[in-house]
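Below: the structure, in structure tokens.
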Amino acid sequence: MNMLNAISPEIGFEDAPAAPVETVFSNASQPSVHVIGGGEFLDAVALILAPMSYEARTVTARSQLSLVDETSTGTIVVIDGSLPDAFDICRDLGETPPKIMISSETSFAFRAKCAQSNVNTVMRAPIDQAEFINWLEYLGGQVTTQPASILLVDDDPLASAVYAEMLRANGMTVAILNDPLEIIATIERSFFDLIIMDLQMPGTNGIEIAKIIRQHQNHLSIPIVFLSSEEDKQVQMKARHFGGDDFISKRADLDALVTLIRLRVQRARIMRNLIERDGLTGLLNHRRFKERVGQEMARSRRTQLQFCIAMIDVDHFKKVNDTWGHPVGDKVLSILARALVGWVRQSDVVGRYGGEEFAVLLLDTSPETIFEVMENFRKHFAKMVFDGQDEQFSLTVSIGVAGSAANGDSATLFAQADKALYLAKSNGRDQVVIAENDELAASLDDAAEEGDS
1 MNMLNAISPE IGFEDAPAAP VETVFSNASQ PSVHVIGGGE FLDAVALILA
51 PMSYEARTVT ARSQLSLVDE TSTGTIVVID GSLPDAFDIC RDLGETPPKI
101 MISSETSFAF RAKCAQSNVN TVMRAPIDQA EFINWLEYLG GQVTTQPASI
151 LLVDDDPLAS AVYAEMLRAN GMTVAILNDP LEIIATIERS FFDLIIMDLQ
201 MPGTNGIEIA KIIRQHQNHL SIPIVFLSSE EDKQVQMKAR HFGGDDFISK
251 RADLDALVTL IRLRVQRARI MRNLIERDGL TGLLNHRRFK ERVGQEMARS
301 RRTQLQFCIA MIDVDHFKKV NDTWGHPVGD KVLSILARAL VGWVRQSDVV
351 GRYGGEEFAV LLLDTSPETI FEVMENFRKH FAKMVFDGQD EQFSLTVSIG
401 VAGSAANGDS ATLFAQADKA LYLAKSNGRD QVVIAENDEL AASLDDAAEE
451 GDS
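Once you know that position 375 of the sequence shown is 375 in UniProt numbering, the rest is easy, because the numbers rise by one and skip nothing.
In structure tokens:
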């Protein structure tokens, strides 16, 4: 389905029939979306999911619904609130998977009944596309299978090893730092969901280390949990005051400790998404995307695994704003963002680089491998049809790709990808160009000479 409504932010539907239909929307790199409702309700959701490369599989009989047996962590359920048995469906599914109820009724009493029926989110009908996608991403982040990444800072190698093994046994990824003076270099090399730190260490203490971490703007959002046997309440409050987010006693039950850490990581991911995301598209913003590439460059030096970045620019985007207005332009950018997220792997990172320009960090791969992926995306986007105020239109994108193996630092990598993008646009747009250093430079010189002539 290529028809996308780029004018109206809301998609409506008639009352659903008594016999609902389940449609399962699948994307290999995203949580599957199970939608239960009538025909127009299903069409409305399908219209939103179309640019995200979801494939639909319909189950026509109520008795054949697969949801009760398929409640894996990769599932989100969307229910039409006008169904007579909407609440029964939600209760039968239990607390998992996450559920979105869509209804024209949003009173407190209705919301209370949703809460009692294990519903996570209530949305008002007709469906607002942007809000719906944001909820999918939020709930998808909650059900992600990506393990929590923990940095354990403790001068005692034995104690840190014990805690690390306990957390690893519960599915978390743990790095140990026994020299707290290396904290800044460590967190700049790698990304961590949470820092767990001892309060008392020789030559320094956790409060001083927390102050140093918070001196760096890039590290303000990293949650810090102190793990200590300190019982003095004033010391505990001081630790929280100077950068700590929580204080857990070493005497706490180990199962409770793991649960607290999981909850803290989940909350941190939610807050980080709010801080680091672009307001229009929900993608990583410019600053955070560049930081993420810098971290990946440091990892690449250690592991020798190469990665790529792709710069994507909408061709002749100014014409969209000038002809149909900024609301239509914003809708185009939002749809492009979702299409990119749906196209690449869940482990890859998509960011809004600025204006109509986007960037993708593609892990553990070469430019030659990525060329086909980006070329197919270019063709996919060109087939989409958008609605202007009185006519339909399509757009194309130009893409520049550069790989880490040929570039020694992230600044050079971005420069090469940007040059490749410039070459793609100067050579006629609607194409993918791979940066090839000297050959690319020669092509750029030729393009510049043609522009001067």
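Each residue gets a CB set at the ideal place from its N, CA and C atoms; glycine is no exception.
Proximity of residue i and residue j at Cβ, strictly below 8 Å
i: Phe317; j: Glu356; result: yes
i: Leu362; j: Cys308; result: yes
i: Pro147; j: Thr106; result: no
i: Ala268; j: Asp193; result: yes
i: Gly294; j: Asn134; result: no
i: Ala417; j: Ala435; result: yes
i: Ala210; j: Ile187; result: no
i: Ser32; j: Gly74; result: yes
i: Val24; j: Leu42; result: no
i: Ile207; j: Ile184; result: no
i: Ile270; j: Leu257; result: no
i: Ala339; j: Phe289; result: no
i: Leu151; j: Leu177; result: yes
i: Val332; j: Arg378; result: no
i: Ile89; j: Leu136; result: no
i: Ser26; j: Glu55; result: yes
i: Asp198; j: Ser228; result: yes
i: Leu260; j: Asp330; result: no
i: Arg272; j: Leu284; result: no
Coil, strand or helix - residue i by DSSP
i: Ser72; result: Here the model assigns Ser72 a pLDDT of 43, short of 50, so the residue's position is not dependable and the matter cannot be decided.
i: Asp88; result: helix
i: Val344; result: coil
i: Val433; result: strand
i: Ala396; result: The sequence as given places Thr at residue 396; Ala does not occur at that position. Coil, per DSSP.
i: Val153; result: strand
i: Lys250; result: coil
i: Lys99; result: strand
i: Ile222; result: coil
i: Glu208; result: helix
i: Ala148; result: coil
i: Asp286; result: One point to set straight first is that residue 286 is His, not Asp, in the sequence displayed. His286: helix per DSSP, three-state reduction.
i: Glu188; result: helix
i: Gln266; result: helix
i: Tyr422; result: helix
i: Asp315; result: coil
i: Tyr353; result: strand
i: Leu199; result: coil
i: Gln306; result: coil
i: Ser26; result: strand
i: His326; result: helix
i: Ser334; result: helix
i: Ala6; result: Residue confidence is low: Ala6 scores 33 on pLDDT, short of 50, so the model does not pin down where it sits. Its coordinate-derived value is still stated next. Looking at Ala6 - three-state DSSP - the assignment turns out to be coil, as it is neither helix nor strand.
i: His216; result: coil
Residue burial classification, residue i (beta-carbon count within 10 angstroms, cutoff 16)
i: Gln30; result: buried
i: Phe108; result: exposed
i: residue 466; result: Because the chain is modelled from 1 through 453, residue 466 falls outside the range shown and cannot be assessed.
i: Val119; result: buried
i: Lys319; result: exposed
i: Gln129; result: buried
i: Thr323; result: exposed
i: Ile275; result: exposed
i: Gln64; result: Low confidence applies to Gln64: its pLDDT is 41, below 50, so where it sits in the model is not reliable enough to give any reading.
i: Asp348; result: buried
i: Arg91; result: exposed
i: Arg264; result: buried
i: Gly38; result: buried
i: Pro202; result: exposed
Top-ranked residue by Cα proximity to residue i, from the options
i: Met311; options: Glu22, Ser107, Gly403 and Gly140; result: Gly403
i: Gly400; options: Gln217, Ala420 and Met237; result: Ala420
i: Glu131; options: Leu199, Ile195, Leu49 and Leu254; result: Leu49
i: Glu40; options: Asp80, Ile176 and Ala28; result: Asp80
i: Gly140; options: Ala56, Gly342, Gly171 and Asn178; result: Gly342
i: Ala164; options: Leu136, Tyr138, Ile196 and Ala185; result: Ile196
i: Met297; options: Ser82, Met201, Ile127 and Asn407; result: Asn407
i: residue 520; options: Pro327, Asn321, Val385 and Asp313; result: Nothing in the structure corresponds to residue 520, since the chain is present only between 1 and 453.
i: Ser410; options: Ser300, Ile370 and Tyr422; result: Ser300
i: Gln346; options: Ile222, Asp364 and Val162; result: Asp364
i: Asn218; options: Phe191, Gln234 and Met101; result: Phe191
i: Ala159; options: Pro84, Lys250, Asp246 and Asp245; result: Lys250
i: Asp156; options: Gln200, Gly37, Leu413 and Asn321; result: Gln200
Supposed contact pair residue j and residue i - C-beta distance, whole angstroms, cut 8 Å
i: Asp315; j: Ser398; result: 6 Å
i: His286; j: Arg352; result: 7 Å
i: Val45; j: Val78; result: 6 Å
i: Ser366; j: Gln306; result: 6 Å
i: Leu336; j: Phe381; result: 7 Å
Within-8 Å CB hit, residue i to chain B
i: Val265; result: No chain B is part of this structure, which consists of one protein chain only.
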